[in-house]
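Only one structure is covered here, and it is reproduced in the block below.
What follows is the structure in structure tokens.
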């Protein structure tokens with residue numbers, strides 16, 4: 001079971017119209033909530049912020065994307081895995097900031113999966129590659145993809161040897177959001193009380 005978390009919060013939030021990391025949920029930003037809960041769980045956090053200088057505790061390490069200019073989550077993941085490997089780590093949990101799924105919910109859901117370079121949550125038959133456990137052994141492949149122009153995460157979910165875990169029924173819905181309507185649905189739901 002990994003104790004390393006990469007928190008993705010460097011997206012442009014174009015459909016939302018505002019920075020999702022700074023949305024407030026029960027009196028704290030989504031970013032602050034994830035960082036607090038990860039710290040309480042004893043996780044080492046890597047913040048993939050796309051160059052945005054978010055406030056964070058000193059123990060949290062901000063990592064640069066592998067490519068400049070917010071080239072997407074694949075670039076953010078490659079940057080985080082590079083930093084994790086340099087620190088002697090071998091894997092990370094991957095979680096987007098635009099979710100009420102907590103770091104421990106993700107860790108617990110993926111804990112029983114057999115070892116694999118990429119293990120991700122599946123919701124209604126669809127892989128959710130931003131909710132995953134990722135090995136640093138994938139770094140060469142990620143760099144190849146980035147050099148070829150690939151920016152999407154979905155090819156990770158199609159790799160040979162990938163493991164899938166069905167999304168737990170008690171996770172909040174939708175598991176992440178891109179629009180104000182999605183956020184309001186999630187914020188007003190009783191699916192998950194603040195931790």
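In the UniProt record's numbering, the protein residues as written are 1 to 195.
In this text, a Cβ means the ideal position worked out from N, Cα and C, and glycines have one as well.
Here the structure is a predicted model, which means the values were calculated and not measured.
Have a look at the DSSP bridge pairing and note the partners of residue 120. Here residue 120 is taken as the residue at index 120 of the chain shown, counted from 1. DSSP output for residue 120 lists 132 and 164 as bridge partner(s).
Please state whether the Cβ-Cβ distance between residue 97 and residue 31 is less than 7 Å. The residue given as residue 97 occupies position 97 in the chain shown. The residue given as residue 31 occupies position 31 in the chain shown. Yes, these two residues count as a Cβ contact at 7 Å.
Mind listing, in chain order, the continuous beta strand (DSSP E) runs of no fewer than 3 residues lying wholly within the UniProt domain "MobA-like NTP transferase" (7-154)? 44-48, 61-63, 91-96, 118-123 and 126-135
Looking only at its chain, what residues have a beta carbon closer than 7 Å to the beta carbon of residue 3, apart from the 5 residues adjacent to it on each side? Position 3 of the chain shown, counted from the first residue, corresponds to residue 3. 42, 43 and 44, listed in sequence order.
Rounded C-beta distance between residue 133 and residue 93? I'm assuming under 8 Å. In the chain shown, the residue the question calls residue 133 occupies position 133. In the chain shown, the residue the question calls residue 93 occupies position 93. Confirmed, about 6 Å.
For residue 63 versus residue 89, is the C-beta distance shorter than 7 Å? Taking the chain shown and counting its residues from 1, one reaches residue 63 at position 63. Taking the chain shown and counting its residues from 1, one reaches residue 89 at position 89. No, these two residues do not count as a Cβ contact at 7 Å.
Going by DSSP, what residue range makes up the alpha helix (DSSP H) through residue 202? This structure leaves residue 202 out entirely; the chain is present only between 1 and 195.
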